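Heads up: the sequence shown is residues 0 to 256, going by numbering that gives the first Met the number 0. Just so it is clear, CB atoms sit at the ideal spot from N, CA and C, and this is done for glycine as well. Please read all numbers here as calculations on a predicted model, not as lab measurements. Written below as structure tokens is the structure these notes are about.
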Amino acid sequence: MNNFARQNEDASSREPVFNMPPVVVALAVLLAGIHAARMYLISADTDLEVLIRFAFIPARFGAEAAELGLPGGAGADLWMFVTYAYLHGDWVHLAVNVFWLAAFGSAVAWRFGALRFLLLSAAAAIGGAVAHLIAHPGEFVPVIGASGAVSGLMAAAARFVFFRRRVRAVGAEAWRYPAPPLLVALRDGRVLIFLAVWFGLNLLVGIGAPPIAGVEGEIAWQAHIGGFFVGLLMFSVFDPKHPEQPARRWDDVLPPM
């Protein structure tokens, strides 16, 4: 074992399960604060107004959108592609999303930095909303929850966290080490297993498997997939580049096919 690999393994053994950067902590606190305000500080009528204005409602783009007269106008037609991710159905729904945000989003935030992390999260939320809109055109049922954005962060993390001997997966300097290209990453068995499990679970949800215990309501699984593809395909767009990155060959760290 060379010194680089040994140092990486030693560092990995000292890393906590959740090594949360400030932006992830702040985002988790913001999500919890928004939900607490909805639950305890405003009336049910006001909360309904919040949902109509800020949840993602495909009916805003339906043939009868003008007749519905939904508040918010053209502004809501735009901001709801992102704002729906800040609303949650209950505390369990919020806790599940915050858990996965901490688990996968932390690695991405350390690597990308706060601004790029937030931009990718927003892009994944938009991708999730678009996917749901395509699957449910004209539907009035509002969609809420950060799972589309979190799915994008899961996919982005999968682009580099499995290559810990070649890429420092967490920590403030993570961006200094290049991640493998997408086609190379898709040759790695660990990445393929992760993708298979992730898509398999969402397929089960899509065909009507029982929902996660404690999570009420229909799960917008198409939004998960839309966000996931944004994170997987747009990782390289947001991944910081550095002129001092050393040249890497990836064939020697991938398992034989």
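Of the other Cβ atoms in all chains shown, fewer than 16 fall within 10 Å of the Cβ of S235; this residue is therefore exposed.
The stretch 94-108 makes contact with the stretch 25-39, as at least three CB pairs between them are under 8 Å.
Between A148 and A124, the beta carbon gap of about 4 Å places them in contact (Cβ cut-off 8 Å). DSSP, reduced to helix, strand and coil, places F55 within a strand of the structure shown.
By the beta-carbon neighbour count (other beta carbons within 10 angstroms, threshold 16), L114 is exposed.
With 16 or more neighbouring CB atoms inside 10 Å of its own CB, W220 falls in the buried class. In this structure the stretch 154-164 does not touch the stretch 69-79; the number of beta carbon pairs closer than 8 Å is below three. Annotated as proximal: A54 and P141, with beta-carbon spacing under 7 Å. A residue is called buried once 16 or more other Cβ atoms fall within 10 Å of its Cβ, and L181, having fewer, is exposed. Across the set I224, D238 and A121, the C-alpha of D238 shows the shortest separation from the C-alpha of Y176. Residue nearest to V129 within the set H92, A25, L203 and A58 is A58 (criterion: CA-CA distance). Collapsing the DSSP output to three states places V160 in coil. Per the DSSP secondary-structure output, V142 pairs in a beta bridge with F55.
At the C-beta level, V81 and A121 come within 7 Å of one another.
Membership of N18 in any alpha helix (DSSP H) is not indicated, and neither H nor E is assigned to it by DSSP.
Of the candidates F162, L231 and I218, L231 places its Cα closest to the Cα of L194.
Per DSSP, L231 is one residue of the alpha helix (DSSP H) stretching across W220 to L232. Within 10 angstroms of the beta-carbon of W90 lie fewer than 16 other beta-carbons, which makes it exposed. Rounded to whole angstroms, the gap between the alpha carbons of F198 and R189 is 14 Å.
Here V23 is near G104, since their CB atoms are less than 7 Å apart. Sequence-distant partners of E48 (beyond 5 residues in either direction) whose C-beta falls short of 8 Å from its own C-beta, in its chain, are P70. Counting only the Cα atoms, R186 lies some 44 Å from R52.
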